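Residue numbers (the UniProt record's numbering): 1 to 341. Here a beta-carbon is modelled for each residue, glycine too, at the ideal position from N, C-alpha and C. The model shown is predicted, which means the values in this text are computed figures rather than measured ones. Structure, as structure tokens:
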Ligand SMILES: Cc1cc2nc3c(=O)[nH]c(=O)nc-3n(C[C@H](O)[C@H](O)[C@H](O)COP(=O)(O)O)c2cc1C
């Protein structure tokens, strides 16, 4: 299914640009476009250069939550809003009131429109994260000619995903940078990506893509030995020339002042792995499980921090292998992996 054992992972929020995907593809990786947060029109524009390049590629979408926020989560959101006011004021931002209906396009992440786009003008591969696409959607995409992948973080999720009829699984270890793909309570701690791949391999016959914390070719080889057909890298590409990540983010990943990553809901309400900065230290404990509301709550604060060049209030997404992330052309990173895998 994949033309390469190395996959350039989708990184929504600006990091995956068409240029990054094309550079990774040109150097021999299988590239994913990042559909999350985009409207259908923005997604169409993002993937147009990949369509034009004529090689196989994938498109990743966020699966929206099924239920509105519970009353307890809404109350937690109000408390969190008050907690953030002082931080926001530092750079002259305000924390907005965020009340989103379940059918708000931002809660749905423009799901229906983006599926329509991918059904009308199919792409070779579609992957999902944050939950499972319904079996009927998986079947529709397959009838349209796409291979469909679900992202999972444990064995129970893998079994649930396989039951929806997908063609393959992205098996994401907790060492991954950015948001976790998890959608069920964790069903086991897996020390390493190869441990997780092997555990899923034992229960599911679908092809597996390993992801999470892979910092170099040796880690990639171990995931392949454990039973993955390919390995996806995200963090290793964030600092590259073609990545759309902020310069502040790229530089922070290379700054020895940062010594640790942590999973935090502080920025978006969904657990995500980031470098530990003041914002993570100060707000992880109180941040409510309210995604995407918290994302919109913190957005003005993050924008103001970015303008003020204050990386201590930014979401510096990073996987556990962040220290190996290199600057320079993405092609060099991809070639470095492929030569030794
Ligand atoms: C900045 C950033 C953004 C990400 N955005 C997405 C996304 O939009 N969709 C997705 O499925 N995974 C996303 N991920 C997770 C990656 O697809 C991949 O699983 C992860 O980067 C692999 O771990 P690594 O970062 O340690 O290489 C993101 C990761 C990062 C670092």
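In angstroms, rounded to a whole number, what distance separates the CA positions of residue i and residue j?
i           : j           : result
residue 155 : residue 91  : 44 Å
residue 67  : residue 164 : 20 Å
residue 228 : residue 82  : 45 Å
residue 120 : residue 16  : 23 Å
residue 60  : residue 213 : 19 Å
residue 78  : residue 290 : 11 Å
residue 35  : residue 62  : 7 Å
residue 306 : residue 160 : 39 Å
residue 14  : residue 318 : 14 Å
residue 178 : residue 129 : 12 Å
residue 85  : residue 298 : 10 Å
residue 37  : residue 11  : 11 Å
residue 207 : residue 142 : 16 Å
residue 74  : residue 283 : 17 Å
residue 50  : residue 133 : 24 Å
Name the DSSP bridge partner or partners of residue i?
i           : result
residue 179 : 272
residue 7   : 30 and 232
residue 328 : 240
residue 172 : 211
residue 63  : None, per the DSSP bridge assignment.
residue 263 : 273
Considering only the beta carbon of each residue, do residue i and residue j sit closer than 8 Å?
i           : j           : result
residue 249 : residue 269 : no
residue 223 : residue 204 : no
residue 53  : residue 331 : no
residue 76  : residue 300 : no
residue 226 : residue 194 : yes
residue 271 : residue 106 : no
residue 32  : residue 21  : yes
residue 108 : residue 64  : yes
residue 286 : residue 93  : no
residue 127 : residue 28  : no
Starting from the C-beta of residue i, find all residues in its chain whose C-beta is less than 7 Å away, skip the five residues before and the five after it, and write them out in chain order.
i           : result
residue 280 : 262, 264, 266 and 274
residue 144 : 119 and 122
residue 333 : 236, 237, 240 and 326
Please go through the same chain and pick out, in chain order, the residues whose beta-carbon is closer than 8 Å to the beta-carbon of residue i, but skip the five residues on each side of it.
i           : result
residue 309 : 248
residue 186 : 153 and 154
residue 180 : 153, 172, 174, 263, 270, 271, 272 and 273
residue 117 : 40, 43 and 44
residue 302 : 267, 313, 314 and 315
Given residue i, which residues of its chain have a CB within under 6 Å of its CB, disregarding the five upstream and five downstream residues?
i           : result
residue 232 : 7, 9, 209 and 211
residue 56  : 3 and 124
The segment 218 to 227 contacting the segment 249 to 267, beta-carbon criterion three pairs below 8 Å: no
Indicate whether the contact test is met: 3 or more Cβ pairs, each with one atom in the segment 317 to 331 and one in the segment 233 to 246, closer than 8 Å. Touching, yes, given that three or more Cβ pairs across the two stretches are closer than 8 Å.
Please determine if the segment 168 to 179 and the segment 137 to 152 are in contact, where contact requires at least 3 C-beta pairs separated by less than 8 Å. yes
Sufficient close CB pairs (3 or more, under 8 Å) joining the segment 97 to 113 to the segment 46 to 53: no
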